[in-house]
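Let me begin by presenting the structure, written as structure tokens, before commenting on it.
Residue numbers (the numbering used here): 112 to 331.
Dropping the structure here:
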């Protein structure tokens with residue numbers, strides 16, 4: 112019989128949710144002591160706050176024609192833009208398998224690409240958007256509690272190897288950023304508030320209109 116500890120360490124957010132809902136029926140499990148790799152991941156995203164990042168439109172790249180959204184875990188004071196270079200970015204993007212514009216358009220609309228999450232230092236995205244592509248960046252710092260951030264991190268750990276069908280106009284970067292916020296605070300129901308076609312600009316509008324979610328905005 113396999114060790115059940117393995118599955119709890121693979122799906123810590125689900126374990127925590129079940130423990131809260133069915134406390135007496137779920138055995139106690141010390142994640143901090145038994146899930147080494149998970150705890151290393153959590154230390155890398157030990158953020159003071161979380162921001163939703165919007166990068167402006169870039170028509171030279173079809174994938175960014177409507178802009179792009181990603182999540183930033185603020186390891187430092189968000190008011191200090193020099194230190195934010197070392198913050199962690201959580202990005203969701205498609206793995207593009209063709210350079211043909213027509214094929215790209217068709218596959219992007221019918222879910223022909225696979226999308227996945229990735230974590231990288233934020234300065235890589237700043238270098239790409241600000242320096243190489245001269246795009247404006249808005250930083251929307253979110254009003255999330257420490258417990259909400261921690262739960263989001265555990266869910267990201269569950270998704271680290273997952274792949275999803277990527278749809279350019281619906282199941283895209285913006286959709287999955289809203290889904291992460293719904294995981295952190297289910298009462299938001301941001302996905303249900305969204306339109307059939309989800310583009311980054313509409314995502315920002317939905318987020319801003321959610322009472323109590325936005326803390327402050329900075330611009331680069």
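Where is the CB? At the ideal position from N, CA and C, for every residue including glycine. None of these values were measured; they are calculated from a predicted model.
Per-residue burial, residue i [other beta carbons within 10 Å of its own, 16 or more giving buried]
i, result
"residue 311", "buried"
"residue 320", "exposed"
"residue 238", "exposed"
"residue 214", "exposed"
"residue 285", "buried"
"residue 188", "exposed"
"residue 115", "exposed"
"residue 160", "buried"
"residue 243", "exposed"
"residue 119", "buried"
"residue 112", "Interpretation of residue 112 is limited by its pLDDT of 47, a score under 50 that renders its predicted location unreliable; no figure is taken from the coordinates."
Proximity of residue i and residue j at Cβ, strictly below 9 Å
i, j, result
"residue 163", "residue 181", "yes"
"residue 314", "residue 291", "no"
"residue 329", "residue 250", "yes"
"residue 226", "residue 206", "yes"
"residue 346", "residue 121", "One cannot answer for residue 346 here, as it falls past the ends of the chain, which runs 112 to 331."
Which residues DSSP lists as bridging residue i, in chain order
i, result
"residue 161", "184 and 253"
"residue 329", "250"
"residue 277", "224"
"residue 166", "179 and 248"
* Asked: Between the segment 213-226 and the segment 124-136, do at least 3 Cβ pairs fall closer than 8 Å?
  -> No, the segment 213-226 does not touch the segment 124-136.
* In the segment 187-272, which residue ranges form an unbroken alpha helix (DSSP H) of at least 4 residues, counting only runs that do not cross its ends? -> Counting only runs of 4 or more, we get 212-221, 233-237 and 257-269.
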